[in-house]
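Chemist:
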Amino acid sequence: MTVSDRLRELDVTLPGVATPAGAYVPAVRSGSLVFTAGQLPFVDGTLAATGKVGAEVTVDDAAGLARLCGLNALAAVDALVGIDSVVKVVKVTGFVASAPGFSQQPAVIDGVSALLGEVFGTEGAHARSAVGVAELPSGAPVEVEMVVEVR
Amino acid sequence: MTVSDRLRELDVTLPGVATPAGAYVPAVRSGSLVFTAGQLPFVDGTLAATGKVGAEVTVDDAAGLARLCGLNALAAVDALVGIDSVVKVVKVTGFVASAPGFSQQPAVIDGVSALLGEVFGTEGAHARSAVGVAELPSGAPVEVEMVVEVR
Amino acid sequence: MTVSDRLRELDVTLPGVATPAGAYVPAVRSGSLVFTAGQLPFVDGTLAATGKVGAEVTVDDAAGLARLCGLNALAAVDALVGIDSVVKVVKVTGFVASAPGFSQQPAVIDGVSALLGEVFGTEGAHARSAVGVAELPSGAPVEVEMVVEVR
Numbered sequence: 000m001t002v003s004d005r006l007r008e009l010d011v012t013l014p015g016v017a018t019p020a021g022a023y024v025p026a027v028r029s030g031s032l033v034f035t036a037g038q039l040p041f042v043d044g045t046l047a048a049t050g051k052v053g054a055e056v057t058v059d060d061a062a063g064l065a066r067l068c069g070l071n072a073l074a075a076v077d078a079l080v081g082i083d084s085v086v087k088v089v090k091v092t093g094f095v096a097s098a099p100g101f102s103q104q105p106a107v108i109d110g111v112s113a114l115l116g117e118v119f120g121t122e123g124a125h126a127r128s129a130v131g132v133a134e135l136p137s138g139a140p141v142e143v144e145m146v147v148e149v150r
Numbered sequence: 000m001t002v003s004d005r006l007r008e009l010d011v012t013l014p015g016v017a018t019p020a021g022a023y024v025p026a027v028r029s030g031s032l033v034f035t036a037g038q039l040p041f042v043d044g045t046l047a048a049t050g051k052v053g054a055e056v057t058v059d060d061a062a063g064l065a066r067l068c069g070l071n072a073l074a075a076v077d078a079l080v081g082i083d084s085v086v087k088v089v090k091v092t093g094f095v096a097s098a099p100g101f102s103q104q105p106a107v108i109d110g111v112s113a114l115l116g117e118v119f120g121t122e123g124a125h126a127r128s129a130v131g132v133a134e135l136p137s138g139a140p141v142e143v144e145m146v147v148e149v150r
Numbered sequence: 000m001t002v003s004d005r006l007r008e009l010d011v012t013l014p015g016v017a018t019p020a021g022a023y024v025p026a027v028r029s030g031s032l033v034f035t036a037g038q039l040p041f042v043d044g045t046l047a048a049t050g051k052v053g054a055e056v057t058v059d060d061a062a063g064l065a066r067l068c069g070l071n072a073l074a075a076v077d078a079l080v081g082i083d084s085v086v087k088v089v090k091v092t093g094f095v096a097s098a099p100g101f102s103q104q105p106a107v108i109d110g111v112s113a114l115l116g117e118v119f120g121t122e123g124a125h126a127r128s129a130v131g132v133a134e135l136p137s138g139a140p141v142e143v144e145m146v147v148e149v150r
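Chains as they are written, first to last, in numbering that gives the first Met the number 0: chain A, 0 to 150; chain B, 0 to 150; chain C, 0 to 150.
In structure tokens:
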């Protein structure tokens, strides 16, 4: 089963590629690696939420936003090389705009990790860092970047 | 001398691999690179300390915690590919949970850089970023990830 | 036209390589990738500014500082492999020391992205993450690291 087939089975449609927030591109390939830009939880060009996780945004909602970031990252990969050329996910870095004392960043970034498991199965198992940052672009609660291996 | 020999000479025993804090794996290989997950200063499954560096945690103590993160990263590499297959260390990123006004992140992350120098010699010389973040998972003072080249 | 030619045409002189702030090196090559260390806006060994962006440092000034970080990163690449061996820029990560509520990190990191476009043209188009962090080494307002592909 191709990744495209699996996305259909999951009833997941990749969104349009989010417009970069500056003078850069959504993803770049070098050899067998594709590096994505940091993705925000944009839906049709609008942030799905703003605010700090642990204050204005709950952990559950933030995990959903992390999933949106992940979909945008996969859309960036798809537009560059085609999603079916992904061999495996290598690395995910998740930045969580965190209210003071909020320390459940892993539960937030599990939103994107779960997505990658659903879509890629064992090939979706990735190394991951989750950190809590002070501020993110446009007040986004979450930003996610990834590195994937392609054929 | 192999890396294993050198670890014995240094009387350094790699710990067991720390259980990931979420739906991911401790390290992934792609080609000749291994990317580790962000490692916290876990010792036998418990964080060795919590709190912000520059407030509850001193720089010296934080450097020791960064070294623990580094040992956990090497353990993750060892479990995946065997530590003796490491050719060199490529990149280290260190996130330091920083009290307001604390700006000695490099002195903290020197804890892991020194470890890599002891273990790998000149092949341990790595590019590095050290940044001060608002919050880390479970209140950890330090998180370290690395990229190594393997044969 | 080589990259060196283009730098001359732009009247851009790469600075001397900034001394690492700790026990690491400015850049490491692995295969066809060069990873730089996180670069601060040093000019001749002194930070060009300190403070938080959105408070003591304006967005425009911070974008200029990000450009300085980028020049230091290119100097690190040049010293390691020669700037003319760069095939393309792959990834940029920009950390912006952000005052509470400051969310224009992309406008800051555009300072380095614009530099890369001037120097490398279409081969300078990179994936990028921009995040707002609590504190940076020595009170720097901006830190930038990059990954480039070399021949």
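All C-beta atoms, glycine included, are put in the ideal place defined by N, C-alpha and C.
Consider the Cβ of P105 (chain C): report whether some Cβ of chain A lies at a distance smaller than 9 Å.
Modeler: yes
Chemist: Quick check on the burial criterion: 16 or more other C-beta atoms within 10 angstroms. Buried or exposed for E134 (chain A)?
Modeler: buried
Chemist: Assign M0 (chain A) to buried or exposed, taking buried as 16 or more other Cβ atoms, counted over all protein chains shown, within 10 Å of its Cβ.
Modeler: Classification for M0 (chain A): exposed.
Chemist: Could you check whether A129 (chain B) and L115 (chain B) sit closer than 9 Å to each other, using their CB atoms as the reference points?
Modeler: no
Chemist: So who's on the other strand from M0 (chain B), going by DSSP bridges?
Modeler: Paired residues: none, contrary to the question.
Chemist: Whole angstroms are fine: how far does the CA of A113 (chain A) sit from the CA of P105 (chain A)?
Modeler: 12 Å
Chemist: Could you name the residues that DSSP lists as bridge partners for A26 (chain A)?
Modeler: A:T35
Chemist: Using the three-state DSSP reduction, which class does R5 (chain C) fall into: helix, strand or coil?
Modeler: helix
Chemist: Would you call S29 (chain A) buried or exposed, if buried means 16 or more other Cβ atoms sit within 10 Å of its Cβ?
Modeler: Counting Cβ neighbours within 10 Å, S29 (chain A) comes out buried, since at least 16 surround it.
Chemist: Three-state secondary structure (DSSP) at S97 (chain C)?
Modeler: strand
Chemist: Based on Cα-Cα distance, which residue from A:R150, A:A78, A:A126 and A:E144 lies nearest to V27 (chain B)?
Modeler: Comparing alpha-carbon positions, the option among A:R150, A:A78, A:A126 and A:E144 lying closest to V27 (chain B) turns out to be A:A126.
Chemist: Can you pull out the residues from the stretch 74 to 94 of chain A whose beta carbon lies closer than 7 Å to at least one beta carbon of chain C?
Modeler: F94
Chemist: Provide the residue(s) that pair with E134 (chain B) in DSSP beta bridges, ordered along the chain.
Modeler: A:G131
Chemist: Classify V16 (chain C) as helix, strand or coil using the three-state DSSP reduction.
Modeler: coil
Chemist: Compare the Cα-Cα distances from T45 (chain B) to each of B:T18, B:V52 and B:A65 and report the closest residue.
Modeler: B:T18
Chemist: Should the stretch 52 to 72 of chain A be called in touch with the stretch 56 to 71 of chain B, which here means at least 3 C-beta pairs below 8 Å?
Modeler: no
Chemist: Using alpha carbons as the reference points, say which of A:G21, A:S3 and A:V11 lies closest to G37 (chain A).
Modeler: Cα-wise, what sits closest to G37 (chain A) is A:G21.
Chemist: Using a Cβ-Cβ cutoff of less than 8 Å, which residues in the same chain neighbour V2 (chain A) once the five nearest sequence positions on both sides are dropped?
Modeler: I82, D83, V85, V118 and F119
Chemist: In three-state DSSP terms, what is T57 (chain A)?
Modeler: coil
Chemist: Which residues in the same chain have their Cβ closer than 7 Å to the Cβ of F41 (chain A), if we skip the five residues on either side of it in sequence?
Modeler: A17 and N71
Chemist: Quick one: what's got a C-beta closer than 8 Å to A75 (chain C)'s C-beta in the same chain, skipping five residues either side?
Modeler: V16, A17, P25, A26, T35, A36 and Q38
Chemist: Output the distance between the C-alpha atoms of V33 (chain B) and L9 (chain B), rounded to the nearest integer angstrom.
Modeler: Rounded to whole angstroms, V33 (chain B) to L9 (chain B) spans 24 Å at the Cα level.
Chemist: If contact means a Cβ-Cβ distance below 7 Å, which residues of the stretch 115 to 133 of chain A contact chain B?
Modeler: Cβ contacts with chain B: G116, A124, H125, A126, R127, S128, A129, V130, G131, V132 and A133.
Chemist: Going by alpha carbons, who is nearest to E148 (chain A) out of A:G50, A:L73 and A:L67?
Modeler: A:L73
Chemist: Rounding to the nearest angstrom, what Cα-Cα distance links Y23 (chain B) and T92 (chain A) in this structure?
Modeler: 11 Å
Chemist: What does S137 (chain C) touch in chain B if you count any residue whose Cβ is under 7 Å from its own?
Modeler: In chain order, S102 make up the part of chain B whose C-beta sits under 7 Å from the C-beta of S137 (chain C).
Chemist: Determine, using beta carbons only, whether F94 (chain C) and V132 (chain C) come nearer to each other than 9 Å.
Modeler: Yes. Within cutoff.
Chemist: First and last residue of the beta strand (DSSP E) that includes E142 (chain B)?
Modeler: V141 to V149
Chemist: For the alpha helix (DSSP H) containing I108 (chain A), list its first residue and its last residue.
Modeler: DSSP places I108 (chain A) in the uninterrupted alpha helix (DSSP H) bounded by Q104 to F119.
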